[in-house]
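A short worksheet on the structure shown next.
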Amino acid sequence: MCTDYIDLNKACPKDTYPLPCIDRLVDGASGHSVFSFLDAYSGYNQIRMHPSDEEKTAFITENANFCYRVMPFGLKNAGATYQRLMDKVFQEQIGRNIEIYVDDMVVKSNSIAEHISNLAKIFGALRKHNMRLNPEKCTFGVKGGKFLGFMLSVRGIEANRDKCQAVIDMRSPSNLKELQLLWAYRCTPQTSTKETLFRLAYGTDAMIPVEVGEPSFRRTHFHEESNDDAIRAELDIVDEV
């Protein structure tokens, strides 16, 4: 079922509670040896609506009118409201043994014994506030996994194979626009690692190959001219290496 809350969202003031910085969360979680990835069970629905606001979520069906007694999906302030709740529930653990982005959580530890202790604290906070997890989407005591689209392990942030495949399957650039998109792949990530993309992905410095299989990339510089204007694009392929 999908309820249209466009008009309700227009009438509601924006909750400016900030969401945490994803780069900070990923950097804080990476480099540990044991992880547990947690996901809340219908997270938004675990928050009760204020009684006076329940009727504002009303919707019409063929048989009757209904309204939500819990916070539904689709409200523009739902994300900020849930993040505020999580920050209060885990205020003693955030940054120490857990990182949280809305309903995605990762528990981090450097040993199994420490991890069991950390999980006990997390479960205690969940029980205290009557919150529930989705067991089908939770993973406990693993050496690595995906968090907010990034692969975490004891080695740090690793390449996400799903995203790498898109680059591997990418065809050669055939015009200036596609060439500019290829150049964008070479940008340096905005992290505090001070590492190149190759080292972040493979943990070692890049080695210059004897021959590159793609003919377009065999020259250090690539030039292209359009029919209308003399547009020249320089692409330095191996200067980082």
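Just so you know, we're using the UniProt record's numbering here: the sequence shown kicks off at 1 and counts up by one. Yeah, the Cβ is synthetic: ideal placement off N, Cα and C, and Gly gets one too.
- The three-state reading of DSSP puts Gly31 in coil, since its state is none of H, G, I, E or B.
- Of the residues Gln91, Arg161, Leu126 and Ile112, the one whose Cα lies closest to the Cα of His32 is Ile112.
- Taking a cut-off of 8 Å on C-beta distances, the segment 89-98 touches the segment 117-133, as three or more cross pairs fall below it.
- Note on Leu19: under 16 other CB atoms within 10 angstroms of its CB, so exposed under the neighbour-count rule.
- In this structure, Ala40 lies away from Leu152, with their beta-carbon atoms at least 8 Å apart.
- Distance from the Cα of Lys56 is smallest, within the candidate group Lys88, Ser36, Asp103 and Asp7, for Asp7.
- Contact holds between the segment 101-109 and the segment 143-159, because three or more Cβ pairs, one in each stretch, are under 8 Å apart.
- Cβ neighbours of Lys137 within its own chain (closer than 6 Å, five residues either side excluded): Asp39.
- Counting the other CB atoms within 10 Å of its CB gives Gly141 a total below 16, which places it among the exposed residues.
- As far as DSSP is concerned, Glu54 takes part in no beta bridge.
- Comparing C-alpha distances from Arg24 to each of Ile157, Gly74 and Arg171 shows the shortest one belongs to Ile157.
- Cβ neighbours of Val70 within its own chain (closer than 8 Å, five residues either side excluded): Tyr44, Asn45, Gln46, Ile47, Arg48 and Met49.
- From the listed residues Ala11, Phe37, Glu92 and Met86, the smallest Cα separation to Asp53 is found for Ala11.
- An exposed status is given to Met1, since fewer than 16 other beta-carbon atoms sit within 10 Å of its beta-carbon.
- Note on Lys14: under 16 other CB atoms within 10 angstroms of its CB, so exposed under the neighbour-count rule.
- Nearest to Ser42 by C-alpha distance, out of Asp169, Ala78 and Val89, is Ala78.
- Residue environment: Met170 is assigned as exposed (fewer than 16 neighbouring CB atoms within 10 Å of its CB, all protein chains considered).
- With fewer than 16 other beta carbons inside 10 angstroms of its own, Val154 counts as exposed.
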